[in-house]
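Heads up, the thing below is written out as structure tokens.
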Amino acid sequence: MEKTTVTHAKTHFNRYVRDVAAYNELLRIENQRTHEAVILVSERVWLELAAAA
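Heads up: the sequence shown begins at 124 in the numbering used here, then just goes up one per residue.
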């Protein structure tokens with residue numbers, strides 16, 4: 124899983140969505156100040172995780 128910062132993700136969000144979807148990946152986006160994070164998940168990965176649950 125790749126990691127990036129919120130600032131960088133805001134600048135390149137459309138590219139990240141396209142790349143994560145194309146490569147069926149996960150991307151961790153972290154706020155450097157608070158260290159809170161979200162994970163951008165491709166739809167295919169999400170469906171695979173849901174089916175496995």
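Where is the CB? At the ideal position from N, CA and C, for every residue including glycine.
Query raised in the report: In the structure shown, what three-state DSSP assignment does glutamate 125 receive?
Result: In this structure, glutamate 125 counts as strand in the three-state DSSP scheme.
Query raised in the report: Can you name, in chain order, every residue of its own chain whose Cβ lies under 8 Å from the Cβ of valine 129, other than the five neighbours on each side?
Result: Take valine 129, set aside five residues on each side of it, and the residues of its chain with a beta-carbon closer than 8 Å to its own are Ile152, Glu153, Asn154 and Gln155, in chain order.
**Report entry** Selection from Glu125, Leu163 and Lys126 that minimises the alpha carbon distance to asparagine 137
**Finding:** For asparagine 137, the nearest C-alpha among the options comes from Leu163.
**Report entry** Pick from Glu125, Ala132 and Leu149 that is closest to glutamate 171, judged by C-alpha positions
**Finding:** Ranking Glu125, Ala132 and Leu149 by Cα distance to glutamate 171 puts Leu149 first.
Query raised in the report: On the three-state DSSP scale, how would you describe alanine 160?
Result: DSSP places alanine 160 in the strand class (E or B) of the three-state scheme.
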